[in-house]
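Here numbering that gives the first Met the number 0 is used: the first residue of the first sequence is 0, the next is one more, and so on. Backbone N, C-alpha and C define an ideal beta-carbon position, used for all residues, glycine too. Note that this is a predicted model, so its numbers are computed, not measured.
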Amino acid sequence: MTESTQPKPDKAKPDKNKYRQSLNLPQTDFPMRAGLVTNEPASVERWQKAGVYQKLREQRQDAPDFAFHDGPPYANGSIHLGHLTNKTLKDLVVRSQTMMGRDCPFVPGWDCHGLPIEHKVMGELVKSKKIKELDGLDAWERRAKVRAECEQYARTYVDLQTSQMIRLLTLADYEHPYLTIQPGFEKAVTEVLADLCERGLVYRALKPVHWSIANETALAEAELEYMDREDISVFVDFEAADKEKVYDAFGIPDAERPGQTPSFMIWTTTPWTLPANLAVAVGAKFEYVLARIDGNLTVVAEALLNTVAKMGKAEDVHVLAKTAGSALVGLKYRHPFLQYTPGGEECADKCWTVYDAEYVTLDDGTGLVHTAPGHGAEDYETGKRVGLPIYCPVKGDGTYDDTTPQWLQDQHIWKANEAITERLRESGHLFHSAKFMHSYPHDWRSKTPVIFRSTEQWFVSIDGTFTVDGDEKKSLRDRSLWSVDQENPESVNFVPAWARNRLRGMLDSRPDWCISRQRAWGLPIPAFHTENGSAVLTPTLVREVATVFGERGSDAWFTETPEQLLAGWDAGNDPDLPDELKNLSKSKLRKGEDILDVWFESGATWNAVMRHRLGVFPSELYLEGSDQHRGWFQSSLACAIASTGKPPYKAVVTHGFMVDKDGQKLSKSRGDTIEALFTKYGCDVLRWWVASLSYENDAKVDDEFFAIAGEAYRKVRNTLRFMLGNLGDFNPNDAVDLRSVEPTSIDAWALSKFDALTKDVLAAYEKYEFRVAHAKLYAFCNDTMSAVYLAAIKDRLYCDKPGNARRRRTQTVLHHITDGLCRLLAPIVPHTADEAFRALRRAPADDIDTCVHLKTVLPASGIVADERWARVMDLRDKALAAIELARGPADKGGMDIDNPLDAWVTLPSPEGLIDGFDPVDLADLLGVSKVEVGQGEIAVTDHGSDPRCERSWKRDGTVKERSDGGMLSNRDAEALGVA
RNA sequence: GGGCUUGUAGCUCAGUCGGUAGAGCGCACCGCUGAUAACGGUGAGGUCACAGGUUCAAGUCCUGUCAGGCCCA
0 MTESTQPKPD
10 KAKPDKNKYR
20 QSLNLPQTDF
30 PMRAGLVTNE
40 PASVERWQKA
50 GVYQKLREQR
60 QDAPDFAFHD
70 GPPYANGSIH
80 LGHLTNKTLK
90 DLVVRSQTMM
100 GRDCPFVPGW
110 DCHGLPIEHK
120 VMGELVKSKK
130 IKELDGLDAW
140 ERRAKVRAEC
150 EQYARTYVDL
160 QTSQMIRLLT
170 LADYEHPYLT
180 IQPGFEKAVT
190 EVLADLCERG
200 LVYRALKPVH
210 WSIANETALA
220 EAELEYMDRE
230 DISVFVDFEA
240 ADKEKVYDAF
250 GIPDAERPGQ
260 TPSFMIWTTT
270 PWTLPANLAV
280 AVGAKFEYVL
290 ARIDGNLTVV
300 AEALLNTVAK
310 MGKAEDVHVL
320 AKTAGSALVG
330 LKYRHPFLQY
340 TPGGEECADK
350 CWTVYDAEYV
360 TLDDGTGLVH
370 TAPGHGAEDY
380 ETGKRVGLPI
390 YCPVKGDGTY
400 DDTTPQWLQD
410 QHIWKANEAI
420 TERLRESGHL
430 FHSAKFMHSY
440 PHDWRSKTPV
450 IFRSTEQWFV
460 SIDGTFTVDG
470 DEKKSLRDRS
480 LWSVDQENPE
490 SVNFVPAWAR
500 NRLRGMLDSR
510 PDWCISRQRA
520 WGLPIPAFHT
530 ENGSAVLTPT
540 LVREVATVFG
550 ERGSDAWFTE
560 TPEQLLAGWD
570 AGNDPDLPDE
580 LKNLSKSKLR
590 KGEDILDVWF
600 ESGATWNAVM
610 RHRLGVFPSE
620 LYLEGSDQHR
630 GWFQSSLACA
640 IASTGKPPYK
650 AVVTHGFMVD
660 KDGQKLSKSR
670 GDTIEALFTK
680 YGCDVLRWWV
690 ASLSYENDAK
700 VDDEFFAIAG
710 EAYRKVRNTL
720 RFMLGNLGDF
730 NPNDAVDLRS
740 VEPTSIDAWA
750 LSKFDALTKD
760 VLAAYEKYEF
770 RVAHAKLYAF
780 CNDTMSAVYL
790 AAIKDRLYCD
800 KPGNARRRRT
810 QTVLHHITDG
820 LCRLLAPIVP
830 HTADEAFRAL
840 RRAPADDIDT
850 CVHLKTVLPA
860 SGIVADERWA
870 RVMDLRDKAL
880 AAIELARGPA
890 DKGGMDIDNP
900 LDAWVTLPSP
910 EGLIDGFDPV
920 DLADLLGVSK
930 VEVGQGEIAV
940 TDHGSDPRCE
950 RSWKRDGTVK
960 ERSDGGMLSN
970 RDAEALGVA
């Protein structure tokens, strides 16, 4: 059946709408359907035209500061859900702080340098064949050219992301962002580097670092990605140099000594590092055995003997003797295939030594650890301690150099894994080998496995001590740890609290910071090399180059000569330059080719943005994802503490990651683009969703959750619409003095509820508990307003005479609450709050000055509702339950009352509970026609057969036929002016 | 393998000092039809991931296991 075949319902009940025209029904231009897709961009345009961000800065000149610092996203690609959450959370902070009256300037930033962009640009140059244009150029010209391409690339994505963030309704100084490629920014970063040089924290050393073979550069920890990889694990026998000393160590009597030479069995998953083996490490405290395994005499840790034997499928295992690891220390062994020693007199006898080391464990392997100081962090420490050379026979491209045996030279290390294993097998040194899968660090860009390789790099010392302004000599590690220590009264504050431990754990264990990279797209480390190759990097020199960067940008490093760059530097007057260099010739200097780790740049944003630009330090807050404990939180802390002695932030807020519906890692190829989400749901809906997250944990993302947020948004929107509709005929001139509101009136109750809401929401905003604010606002709209107050005041708003005092009083209160509610909602739904705020004031479309975002929250009304209200509301709950029962069928104790307006209720007033309360207010709160005060229990009576007012539909006992022929109650007759 | 962290109703989350398990959404049912592609009411739903332990008493404290997440090796 189609609708057209049905009778017209309007005609069916003509009398029902007899008085409809005389009612004050809601009227508003605020539509039920939000139309966010078109209306949000219109709001953005209006705010930009009005210059909201600038106006706020002028308006808040004397207001308390809230300097919040934006961590720079990487200028590559479109923003994704992670950005959306991060940026929205930041905007919730900015807007809520602004709404609370503070001056919260927010300078958005972008991280523009770095490998990912350079990698991408190089790929595009190759693809477009433009790479050929670089062929004839020298290295510096090439780099300059690549840098120009990179800058263009970065700026493209800064523009794209800027437009997306603006579309997301975030409030920031998008006209003047900070970019890590701006000359002023580069200067500020270089100044921080100068400060660190001044503290004596920057040094150059040969050290194993994570090395990307594909990109031929050192990588920071943050540039690694762990992925599964198949490798060979090998158990190798290293033959003892002097068998008698081994037997001595195991205390075997001369007579019982076998003629055979025992060996030390080591285990490694990187056979390619064996050519660089310079030592074996044991744990002095562990027990070791001399065992015969299928005929071979070998030394392994007692605890691991069975596992090792089983792995090698050994059939005959027999322990000859046992001794402590400490007895093995100092014993010598021969390398399985190196016939000579690659440098270092320590090894004139062509043997290497067994040492004790802390990091030896009995978790896996043999308890004897292959040590190659050029290829591992711990190996390096051991090598340094015992004076071994930091030997690294692997070149930057991953092939062996000419210090290795002929059969390895120029071979790639990953191929060498096989070759070495085979060689060991042939020579009888291999006990066992097996392929296995493990999680292994990869270069996050090229997705290729990373190796440890020692190269000359610049480092920031974590444990070197220094003073700032003549304070106590302490290391960067100790200072950093203290700055986050709970015992420290000036400690950084962490939300959530466990973030403190997480940062501390990392500070405890982090090694020296390798800050150099061998690429073109970055800020050059302004070091110069003298003719004999030694590096010059003095504070004065660095500051001089910083000035040049500030004036001409860091491109100058690539296009200018050392004389030009150092025009203002006088070697003779540089206090940190060694005497023998005082009269060096600038023309003989060579520019260093390293660039700075991008984490150093972002670690110094506080200097460029907070200190230089806004003149505020430290920042009130850093807010980023939990991965930034190791990233930005830590790099910023290190830079700021080394430079100023103070942390760059007073507080750190961390949020979790976006995961899928099942809590699993979000796949990168998944889902809609950001623009698709913007148009499908609207940004206010997405923001409402972000506000609803318990962001300290990971957040599940799914269409379903956005849809739920959309439903909730519509409920709030409808509540606003209804409130606005009932103020359709209200003018501020009609307002009554709020102080005249009776404490026992329903209006006083609503006002006090709104005051409480304001207090709760602001407290939540203050603590960055947006979820709490969100829940309170939602409950207020749905319960306090929609279900209770608005339901109760409907009758008077619709039926009282428009200018009636009671109606105007209620409207005054409603206006106050609507106005205040817009302000409280503004940080979460900036478009909708402003739309409602403007609708409340009936601002015409061309009025750009009416804007909720230029306002602050309303002060408390100061109305104290009667303290009995809480108990009166409990009484209401009971009465409603009684009405609900009365509406049921007789066999369930009910009276079959269809409509609550058919009922009257008698309420008891124990201890004068409802004395002085308006019975009409109480009736309206219950949705019944009349309330009487009585004794005993709550009583519901059926008045369904009483005459019904044709206008208000109430049966309040005053309904009778009036002069116009209609059945009306006293109030409605009066409102119409009929007798 | 290590650090930090999560696991409570179908879903998202509260749960304070250890003392009878809470909300919203969804669902079911009912009402209203003057907030109407709205609005209101009522109800069902839980072995608090699992296994031990401490305690008169454990979602809560301790140990371990399982399954996730971030970071690291």
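Contact holds between the stretch 89-108 and the stretch 815-826, because three or more Cβ pairs, one in each stretch, are under 8 Å apart. Closest in C-alpha terms to Ala275, from the list Gly373, Val919 and Glu286, comes Gly373.
About 10 Å separates the Cβ atoms of Gly366 and Val279, ruling out a contact at the 8 Å cut-off. Membership of His209 in any alpha helix (DSSP H) is not indicated; the residue belongs instead to the beta strand (DSSP E) covering Val201 to Ser211. Taking C-alpha positions only, Ser944 is separated from Trp903 by approximately 12 Å. In this structure, DSSP gives Asp941 an extended state, which the three-state scheme calls strand. For Gly81, the enclosing alpha helix (DSSP H) starts and ends at Leu80 to Met98.
Membership of Ser618 in the beta strand (DSSP E) is indicated by the continuous run Ser618 to Gly624.
Around the beta carbon of Ser860, a 10 Å sphere encloses 16 or more other beta carbons of the protein chains shown; the residue is thus reported as buried. A distance below 7 Å between beta-carbons, with the five flanking residues on each side excluded, links Asp28 to the following residues of its chain, in chain order: Ala838. Listed as beta-bridge partners of Ile265 by DSSP are Val235.
The C-beta separation of Val298 from Pro261 comes to about 6 Å, placing the pair in contact by the 8 Å criterion. Glu960 carries a strand assignment under DSSP once its states are collapsed to helix, strand and coil.
With 16 or more other Cβ atoms from the protein chains shown falling within 10 Å of its own Cβ, His369 counts as buried. DSSP, reduced to helix, strand and coil, places Met436 within a strand of the structure shown.
Boundaries of the beta strand (DSSP E) around Leu289: Glu286 to Ile292. Under the three-pair Cβ rule at 8 Å, the stretch 838-850 does not count as touching the stretch 797-810.
Beta bridge pairing from DSSP links Glu455 with Leu205. By the CB criterion at 8 Å, Val856 and Gly819 fall inside the cutoff.
Where His369 is concerned, the enclosing beta strand (DSSP E) starts and stops at Leu367 to Thr370. Taking C-alpha positions only, Ser553 is separated from Leu595 by approximately 12 Å.
Beta-bridge partners assigned by DSSP to Gln408: Tyr399. Non-local C-beta neighbours of Ala864 in its own chain, meaning closer than 6 Å and more than five positions away in sequence, comprise Pro742, Ala747, Trp748 and Ser751, ordered along the chain. Taking C-beta separations shorter than 6 Å and ignoring five residues to either side along the sequence, the partners of Trp266 in its chain run Phe234, Gly364 and Thr365, following chain order. Minimum Cα-Cα distance from Gln410 among the listed residues Glu931, Glu421, Val393 and Thr420 corresponds to Val393. Taking Leu906 as the centre and dropping the five residues before and after it, the same chain places the C-beta of Leu874, Ala878, Ile913, Leu921, Val930, Glu931, Val932, Gly933 and Ile937 closer than 8 Å to its C-beta, in chain order. In this structure Glu695 touches Gly655 by the C-beta definition: roughly 6 Å separates them, less than 8 Å. The residues Ile745, Trp748, Ala749 and Lys752, in chain order, have a CB closer than 8 Å to that of Tyr788 in the same chain once the five nearest residues on each side in sequence are set aside. Under the DSSP assignment, Thr352 falls in the beta strand (DSSP E) whose first and last residues are Trp351 to Asp355. Scanning Phe916, Ala790 and Gly549 for the CA closest to the CA of Val740 turns up Phe916. Exclusion of the five residues before and after Gly965 leaves Glu949 as the residues of its chain whose Cβ lies within less than 6 Å of its Cβ. Approximately 17 Å separates the beta-carbon atoms of Glu562 and Lys581; this is outside 8 Å, ruling out the contact.
DSSP places Glu471 in the coil class of the three-state scheme, outside both helix and strand. Where Gly602 is concerned, the enclosing alpha helix (DSSP H) starts and stops at Val597 to Gly602.
In the three-state reduction of the DSSP assignment, Phe65 falls in the coil class. Residue state for Asn606 is assigned as helix, using DSSP reduced to three classes.
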